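Chemist: Before I ask anything, let me first share the structure, which is written out below as structure tokens.
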Amino acid sequence: MTAERSNAEEPRLSIRGPSRRLPLRGRALRSLVTALAFPVAGLLALTAGGHLLLPFDGVTTLEGKIASKSEFFEDEKVQRILMKHGIRVHITRMGSRDIATTGFDGYDFAFPSGQPAADMIKNDRKRKNAYAKGHSAFVSPIVLATYREYAETLRDNGLARPRQGMAADEKSPLYYTLNMKRFIGLSAGGKKWSDIGIEKHRTTNGNRILAQTSNICEANHAGTYLGLVAFVENGNSVPTDNAAADRVARMIKPTLVSQGLPSEQMFKTYEVPEGKGLAPIVVVYEHQYFAYQIRQRQQTGKPDSQRVLLYPSTQFLTEPEYIALTPKGDRLGELLASDEQLQRRAMELGFRVLDSSGKATSTELYRFLEDQGIPAPASAADDTKATLPSLPLLERMITSVGDCPPPNRTPETAS
Amino acid sequence: MRRRPHHLRPHPRAPHPRAPRRRGPRRRVVLALCLALLGTATACGSGDEESTTLHVLASSELRDMEPLLADLRRDTGVDLDMEYKATVDAGDGLRPGAYHHDLAWLSSDRYFQLRLKESRSTAKPLSTTTMLSPVVVGVKPETARALRARAKGGQVSWADIADAAAAGSVRFGMADPKRTNSGLSALVGVATAAAGTGSALRAKDISCDRLRGFRTGQKLTADSSADLREQYIAHQDRLDALITYESELLSLNAGGKLHEKLEIIYPKDGMVLSDYPLLLLDPAKRKAYDKVVNWLKSASTQKKIMERTLRRPLGADVRRDPRLRADIGNALYFPDQRAVVDQLVEDYGDPRLPTARHVIFLLDFSTSMRGARVASLRAAFAGLSGADTSATGKFVRFYQGERVTVMRFGGRVLAERDVTVGGRRDLDSVKSFVAADDFDNSTAIWSALDHAYGKASGIARDHPGQPISIVLMTDGENTSGITRQEFERRYAARAETVRGVPTFPLRFGEADTAELTRAARTTGGRMVDAGARSLPEAFKEIRGC
Numbered sequence: 228m229t230a231e232r233s234n235a236e237e238p239r240l241s242i243r244g245p246s247r248r249l250p251l252r253g254r255a256l257r258s259l260v261t262a263l264a265f266p267v268a269g270l271l272a273l274t275a276g277g278h279l280l281l282p283f284d285g286v287t288t289l290e291g292k293i294a295s296k297s298e299f300f301e302d303e304k305v306q307r308i309l310m311k312h313g314i315r316v317h318i319t320r321m322g323s324r325d326i327a328t329t330g331f332d333g334y335d336f337a338f339p340s341g342q343p344a345a346d347m348i349k350n351d352r353k354r355k356n357a358y359a360k361g362h363s364a365f366v367s368p369i370v371l372a373t374y375r376e377y378a379e380t381l382r383d384n385g386l387a388r389p390r391q392g393m394a395a396d397e398k399s400p401l402y403y404t405l406n407m408k409r410f411i412g413l414s415a416g417g418k419k420w421s422d423i424g425i426e427k428h429r430t431t432n433g434n435r436i437l438a439q440t441s442n443i444c445e446a447n448h449a450g451t452y453l454g455l456v457a458f459v460e461n462g463n464s465v466p467t468d469n470a471a472a473d474r475v476a477r478m479i480k481p482t483l484v485s486q487g488l489p490s491e492q493m494f495k496t497y498e499v500p501e502g503k504g505l506a507p508i509v510v511v512y513e514h515q516y517f518a519y520q521i522r523q524r525q526q527t528g529k530p531d532s533q534r535v536l537l538y539p540s541t542q543f544l545t546e547p548e549y550i551a552l553t554p555k556g557d558r559l560g561e562l563l564a565s566d567e568q569l570q571r572r573a574m575e576l577g578f579r580v581l582d583s584s585g586k587a588t589s590t591e592l593y594r595f596l597e598d599q600g601i602p603a604p605a606s607a608a609d610d611t612k613a614t615l616p617s618l619p620l621l622e623r624m625i626t627s628v629g630d631c632p633p634p635n636r637t638p639e640t641a642s
Numbered sequence: 017m018r019r020r021p022h023h024l025r026p027h028p029r030a031p032h033p034r035a036p037r038r039r040g041p042r043r044r045v046v047l048a049l050c051l052a053l054l055g056t057a058t059a060c061g062s063g064d065e066e067s068t069t070l071h072v073l074a075s076s077e078l079r080d081m082e083p084l085l086a087d088l089r090r091d092t093g094v095d096l097d098m099e100y101k102a103t104v105d106a107g108d109g110l111r112p113g114a115y116h117h118d119l120a121w122l123s124s125d126r127y128f129q130l131r132l133k134e135s136r137s138t139a140k141p142l143s144t145t146t147m148l149s150p151v152v153v154g155v156k157p158e159t160a161r162a163l164r165a166r167a168k169g170g171q172v173s174w175a176d177i178a179d180a181a182a183a184g185s186v187r188f189g190m191a192d193p194k195r196t197n198s199g200l201s202a203l204v205g206v207a208t209a210a211a212g213t214g215s216a217l218r219a220k221d222i223s224c225d226r227l228r229g230f231r232t233g234q235k236l237t238a239d240s241s242a243d244l245r246e247q248y249i250a251h252q253d254r255l256d257a258l259i260t261y262e263s264e265l266l267s268l269n270a271g272g273k274l275h276e277k278l279e280i281i282y283p284k285d286g287m288v289l290s291d292y293p294l295l296l297l298d299p300a301k302r303k304a305y306d307k308v309v310n311w312l313k314s315a316s317t318q319k320k321i322m323e324r325t326l327r328r329p330l331g332a333d334v335r336r337d338p339r340l341r342a343d344i345g346n347a348l349y350f351p352d353q354r355a356v357v358d359q360l361v362e363d364y365g366d367p368r369l370p371t372a373r374h375v376i377f378l379l380d381f382s383t384s385m386r387g388a389r390v391a392s393l394r395a396a397f398a399g400l401s402g403a404d405t406s407a408t409g410k411f412v413r414f415y416q417g418e419r420v421t422v423m424r425f426g427g428r429v430l431a432e433r434d435v436t437v438g439g440r441r442d443l444d445s446v447k448s449f450v451a452a453d454d455f456d457n458s459t460a461i462w463s464a465l466d467h468a469y470g471k472a473s474g475i476a477r478d479h480p481g482q483p484i485s486i487v488l489m490t491d492g493e494n495t496s497g498i499t500r501q502e503f504e505r506r507y508a509a510r511a512e513t514v515r516g517v518p519t520f521p522l523r524f525g526e527a528d529t530a531e532l533t534r535a536a537r538t539t540g541g542r543m544v545d546a547g548a549r550s551l552p553e554a555f556k557e558i559r560g561c
């Protein structure tokens, strides 16, 4: 939003309300008071902070379509760092696949949570000969966030085992490894939590065992989870042709659609005090869980020992890609990829950041967690690494399992 | 500030709604300062507003937000012009893509989402959850005690409520599922529990209506939750329970108009949560929408919402009122197909109309039934009379007002008895009827079925519109009386209403699968093979079909 109010309007506005004796009344007066008060407070804050953060001219607002990574831009420290560079971000939140399948007019950047949507966007821009420039800054694996009672019930049934880690506590571990093959098997068999002894942990739940996701047609984590389930069900290999994709899609559909109408922003639902009843197992990104625990640690002095993480035995690392749609948007992309403060902050928000060679490691992140008094999980080298099918095949499976509407892209003006 | 800020300009009286409102550079500086240094957009909001009126299609439940809207206006300059409608109506009025309002604020947008999904081409409006409340059951203390005493582990389920409703010991009020979100949420909750799959309902889960027993307990309905509350207050002495939002029940308890406070039961088998989404229908109003959303989600507003409406706040930042700390239980999965929801609502019918069906049980009492088979039949009837304590058993049991005709047959119809279920005595009468030992040496299946259709014809004549079905239980082949062909000829000659009565054969022992399947198909029923599972299970399976 950089278009400015036309100057011709101003004189007209300034002579409005001629019948008023005093121009400063009511709202206008309050506005004046506020206008005076806040900059003063602001200046004080500036001095107290010791450095002048703001260039007073040329703050650019960038319009962006973002999915789960909006949490990064909602962080106050991130906002402050960006402001130092004269950038403010205005977010329109939607699922990653929606980001890719709706129009780009009026946006400076798109930031889907994973590679499939990023590839869709870049392909589309290329076809239209439109501006697109990608930047990578951090990665995060797909995980299942749950509650102690559920993790322990899975453990009782031999599906989950505590994941070794620095300072791991055998009795109340925060991290477990989940046998994906068996977990999917239970779910596909229509088993309910009440069938596998959840009552032993003083919890009742007659719902079918499954991991909840947002809408498969919209969200990257849901599409990625589908890819993960497909990989496991296809004997730890990626479907490579239409016939295989269709067969696997048919096979996994019943498990994935039993949750009915999906809700958005699963992690927010998981976080609320009622979360255990609303979203007992949700598919999320590792960074969301760590960000939550870091906040918990700051607010209460210790991590939340009831909310725990299941690492699927078959892992998938998501690589969100920032895509600048305008040269203006590219400046933020450069910053995300190179600015040390932003990188540092991303790590403090639970992301695995890329090192100088562009390789993602969890070392720095886990050290930071330890420093924060949060046990870090062991990075398990023996986990199988899943691969997603090619984009056309993944799309084919997503639209078939989710019964998704065709893309709703508005005609693009040449840019 | 070197230059005169824009704030000094007198406020334009009527802003041009279509004119792009873009910030000048100086205003951006002020905002930037506020945002960057104080980190709170709301603190800065009051100086920055341009007054805007947004037209909102709102669920009638949200009337209680009215007093907060003045604060919203004061803090953000955004005025919400609310047009209230009962939610499901609002969901219906919200035709995807053809909007007449700037925003919609609903108790739940699930039905709208189903319509959106069906339209396949319309972009999804931005949507933000604003608060939470589950649909649960408020019960008078004495009834609550009785329910708990009968429930497994003292945890009451929807099945227990349905069981008590069918037995006449719980009379409840619930808003119309066709018109309100609370009614629809309750109906989906109870139907999901009745299906017992733990998954979102599919079409095949509701092909038979297992909620007849539950429905007989509904003695009060209303077109809105507010109306339901008033009606409950007026008729509270004739009712035992109220199914509605947790927030409504807590407000009622706090309102001083109840003779007995209602204990809140969070059904063990789960509930459906309302999350009060605010939808942006006109994307041009995005800026004002953002202001409203930020204001609503702020901790101070969330706290006010909780205090005023007793809905649950978002996030953990707001310390919950002690009344809002109860475990709400599990959220049931909501169906993702509109056809399923529509079918469910249609089957439930108009809560004002009587519900009872008439079922004719045609029971084979040929000598081959003697012994274990008849014992199994008697167990099935005992189960339907209330002895079956499984969740499905509680849903499909005989219910108040249900009309039952039992017929024993061998080479001819040996005896028949009509019962309208009222109390224990009526159920005992059915029990003693199937306890008889007058087995016959031959089996005249088709003559007996023809006789049952004669009976159905009489019922249809005396009670037009009464739903009737026939359950034919047999364990052998036809050995006397008319042939199936002759039965079919007579059936075809009957009045249309009588031909609409379906027969559900329960195949047992040596009975002829092909013949029975054919009879089911001719009459619009379905054959169930009781050999594959127990006879009581087979009886349960076709209840409500």
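Protein chains in written order, with our numbering: chain A, 228 to 642; chain B, 17 to 561. The beta-carbon is built from N, C-alpha and C at its ideal position, and this holds for glycine as well. Predicted model only: the values in this text are computed from it and were never measured.
Looking only at its own chain, which residues have a Cβ that is under 6 Å from the Cβ of Met347 (chain A), when we skip the five neighbours before and after it?
Modeler: Along the first sequence, read from residue 1 onward, the residue named residue 347 (chain A) stands at position 120. Excluding positions up to five away in sequence, the list reads Ala327.
Chemist: Starting from the beta carbon of Pro193 (chain B), find every residue of chain A whose beta carbon is closer than 8 Å, and list them in chain order.
Modeler: Sequence index remark: in the second sequence, residue 193 (chain B) carries index 177 (1-based). Those within 8 Å of Pro193 (chain B) in chain A number zero; the least Cβ separation is about 16 Å.
Chemist: Over the uninterrupted beta strand (DSSP E) stretch that includes Thr154 (chain B), give me the two end residues.
Modeler: Mapped onto the second sequence, residue 154 (chain B) falls at position 138. Checking the displayed sequence, the identity of residue 154 (chain B) turns out to be Gly instead of Thr. It spans 149–155 - the beta strand (DSSP E) in which Gly154 (chain B) sits, taken as one unbroken run.
Chemist: Could you work out which residue in A:Phe410, A:Val305, A:Lys349, A:Phe365 is closest to Thr541 (chain A) when comparing CA atoms only?
Modeler: By one-based count along the first sequence, residue 541 (chain A) stands at place 314. Cα-wise, what sits closest to Thr541 (chain A) is A:Phe410.
Chemist: DSSP puts Thr319 (chain A) in a beta bridge; with which residues?
Modeler: Residue numbering aside, residue 319 (chain A) sits at position 92 when the first sequence is read from its first letter. According to DSSP, Thr319 (chain A) bridges with A:Lys292.
Chemist: Leaving out the 5 sequence neighbours to the left and right, which residues in its chain are closer than 8 Å to Val206 (chain B) when beta-carbon positions are compared?
Modeler: Taking the second sequence and counting its residues from 1, the one referred to as residue 206 (chain B) is at position 190. Closer than 8 Å at Cβ, skipping near neighbours: Trp174, Ile177, Ala178, Leu227, Phe230.
Chemist: Phe520 (chain B) CB to nearest chain A CB: under 7 Å?
Modeler: In the second sequence, counting from the first residue as 1, residue 520 (chain B) sits at position 504. Closer than 7 Å: no.
Chemist: On the three-state DSSP scale, how would you describe Ser550 (chain B)?
Modeler: Taking the first residue of the second sequence as position 1, residue 550 (chain B) is located at position 534. Note: Ser550 (chain B) maps to coil in three-state DSSP.
Chemist: Can you name the residues of chain E whose CB is closer than 7 Å to the CB of Ile344 (chain B)?
Modeler: Within the model displayed, chain E is absent; protein chains A and B are what it includes.
Chemist: Can you give me the C-alpha to C-alpha distance between Ile475 (chain B) and Gln482 (chain B), rounded to a whole angstrom?
Modeler: On the second sequence, position 459 is the one that residue 475 (chain B) refers to. On the second sequence, position 466 is the one that residue 482 (chain B) refers to. Taking the straight line joining both Cα atoms gives about 8 Å.
Chemist: For the stretch 521–555 of chain A, which residues have a CB atom closer than 8 Å to at least one CB atom of chain B, in sequence order?
Modeler: none
Chemist: What number of angstroms, rounded off, separates the C-alpha of Arg413 (chain B) from the C-alpha of Ala182 (chain B)?
Modeler: Indexing the second sequence from 1 puts residue 413 (chain B) at position 397. Indexing the second sequence from 1 puts residue 182 (chain B) at position 166. The alpha-carbon atoms of Arg413 (chain B) and Ala182 (chain B) are separated by roughly 7 Å.
Chemist: Considering Cα atoms alone, identify which of A:Gln570, A:Gly600, A:Lys503 is closest to Gln525 (chain A).
Modeler: On the first sequence, residue 525 (chain A) is found 298 positions in, with the first residue counted as 1. Residue A:Gly600 is the option with its Cα nearest to Gln525 (chain A).
Chemist: Would Leu142 (chain B) and Leu378 (chain B) qualify as a contact pair, given that the criterion is a beta-carbon distance under 7 Å?
Modeler: In the second sequence, the residue the question calls residue 142 (chain B) occupies position 126. In the second sequence, the residue the question calls residue 378 (chain B) occupies position 362. No, Cβ-Cβ distance for Leu142 (chain B) and Leu378 (chain B) is not below 7 Å.
Chemist: Helix, strand or coil for Ile326 (chain A) per DSSP?
Modeler: In the first sequence, residue 326 (chain A) corresponds to position 99, counting from 1. DSSP places Ile326 (chain A) in helix when its eight states are reduced to three.
Chemist: Does DSSP put Ala372 (chain A) in a helix, a strand or coil?
Modeler: One-based indexing of the first sequence puts residue 372 (chain A) at position 145. The answer is strand: DSSP assigns Ala372 (chain A) an E or B state.
Chemist: Do three or more CB pairs link the stretch 450–469 of chain B to the stretch 493–513 of chain B at distances below 8 Å?
Modeler: yes
Chemist: Checking 7 Å against the spacing of the C-beta atoms, do Ala407 (chain B) and Leu551 (chain B) come in under that value?
Modeler: As a working note, residue 407 (chain B) is residue 391 in the second sequence. As a working note, residue 551 (chain B) is residue 535 in the second sequence. Their beta carbons are not under 7 Å apart, which means Ala407 (chain B) does not touch Leu551 (chain B) by this criterion.
Chemist: In terms of residue numbering, what span does the alpha helix (DSSP H) encompassing Pro539 (chain A) cover?
Modeler: Along the first sequence, read from residue 1 onward, the residue named residue 539 (chain A) stands at position 312. Note, Pro539 (chain A): premise wrong, no alpha helix (DSSP H); beta strand (DSSP E) at 534–539.
Chemist: Do the stretch 336–344 of chain A and the stretch 441–452 of chain A meet, that is, are 3 or more Cβ pairs less than 8 Å apart?
Modeler: Judged by Cβ distances under 8 Å, the stretch 336–344 of chain A makes contact with the stretch 441–452 of chain A, as three or more pairs qualify.
Chemist: Would you say Asp285 (chain B) lies against chain A (beta-carbon separation less than 7 Å)?
Modeler: On the second sequence, residue 285 (chain B) is found 269 positions in, with the first residue counted as 1. Cβ-Cβ to chain A under 7 Å: yes for Asp285 (chain B).
Chemist: With 8 Å as the limit, tell me which residues of the stretch 85–100 of chain B have their beta carbon closer than that to any beta carbon of chain A; keep them in chain order.
Modeler: Gly93
Chemist: Within 7 Å (strictly less), CB to CB, does Phe411 (chain B) reach chain A?
Modeler: As a first step, residue 411 (chain B) is located in the second sequence; it is residue number 395 there, counting from the start. No, its Cβ sits nowhere closer than 7 Å to a Cβ of chain A.
Chemist: Under the rule that 16 or more other beta-carbon atoms within 10 Å means buried, what is Ser364 (chain A), buried or exposed?
Modeler: Position 137 of the first sequence, counting from 1, holds the residue named residue 364 (chain A). The amino acid occupying residue 364 (chain A) in the given sequence is Ala; Ser does not appear at that position. For Ala364 (chain A), the number of other beta carbons within 10 angstroms of its own is at least 16, and it is reported as buried.
Chemist: Using three-state DSSP, classify Cys631 (chain A) as helix, strand or coil.
Modeler: For the purposes of this step, residue 631 (chain A) is taken as residue 404 along the first sequence, with counting starting at 1. In the structure shown, Cys631 (chain A) sits in coil (DSSP, three-state: anything other than H, G, I, E or B).
Chemist: Output, in chain order, the set of chain A residues within a Cβ distance shorter than 9 Å of Phe377 (chain B).
Modeler: Position 361 of the second sequence holds residue 377 (chain B). Result: empty, since nearest Cβ-Cβ is about 31 Å, beyond 9 Å.
Chemist: In chain A, what lies closer than 8 Å to Tyr349 (chain B) by C-beta?
Modeler: For the purposes of this step, residue 349 (chain B) is taken as residue 333 along the second sequence, with counting starting at 1. Correct list: Asn434, Arg435, Ser485, Gln486, Gly487, Leu488.
Chemist: Check this for me: beta carbons of Leu278 (chain B) and Gly154 (chain B), under 7 Å apart or not?
Modeler: On the second sequence, position 262 is the one that residue 278 (chain B) refers to. On the second sequence, position 138 is the one that residue 154 (chain B) refers to. Leu278 (chain B) is a Cβ neighbour of Gly154 (chain B), given a cutoff of 7 Å.
Chemist: So, is the C-beta of Asp366 (chain B) closer than 7 Å to a C-beta in chain A?
Modeler: Here residue 366 (chain B) is taken as the residue at index 350 of the second sequence, counted from 1. For Asp366 (chain B), no Cβ of chain A is located within less than 7 Å of the residue's own Cβ.
Chemist: Please list the partners that Thr213 (chain B) has in chain A, where partner means a Cβ-to-Cβ separation under 9 Å.
Modeler: Taking the second sequence and counting its residues from 1, one reaches residue 213 (chain B) at position 197. Going along chain A in sequence order, the residues near Thr213 (chain B) (Cβ under 9 Å) are Gly417, Lys419, Arg435, Ser485.
Chemist: Distance check for Lys194 (chain B) and Leu455 (chain A), CA to CA, integer angstroms please.
Modeler: Indexing the first sequence from 1 puts residue 455 (chain A) at position 228. Indexing the second sequence from 1 puts residue 194 (chain B) at position 178. Cα to Cα, the separation comes out at about 40 Å.
Chemist: Kindly indicate if chain B contains any beta-carbon less than 7 Å away from that of Pro632 (chain A).
Modeler: Position 405 of the first sequence, counted from the start, is the residue given in the question as residue 632 (chain A). Cβ-Cβ to chain B under 7 Å: yes for Pro632 (chain A).
Chemist: Below 8 Å, how does it come out for the stretch 487–506 of chain A and the stretch 433–441 of chain A: are there three or more Cβ pairs, yes or no?
Modeler: yes
Chemist: For the beta strand (DSSP E) holding Tyr261 (chain B), just list the boundary residues, first then last.
Modeler: Locating residue 261 (chain B) in the second sequence gives position 245, counting from the first residue. 257–261 is the extent of the beta strand (DSSP E) around Tyr261 (chain B).
Chemist: What do you reckon, are the CB atoms on Lys319 (chain B) and Leu84 (chain B) nearer than 7 Å?
Modeler: On the second sequence, residue 319 (chain B) is found 303 positions in, with the first residue counted as 1. On the second sequence, residue 84 (chain B) is found 68 positions in, with the first residue counted as 1. Taking 7 Å as the Cβ cut-off, Lys319 (chain B) and Leu84 (chain B) do not qualify as a contacting pair.
Chemist: At the level of alpha carbons, what is the spacing between Asn461 (chain A) and Thr626 (chain A)?
Modeler: Within the first sequence, the letter at position 234 stands for residue 461 (chain A). Within the first sequence, the letter at position 399 stands for residue 626 (chain A). Each residue's Cα considered, the two are about 18 Å apart.
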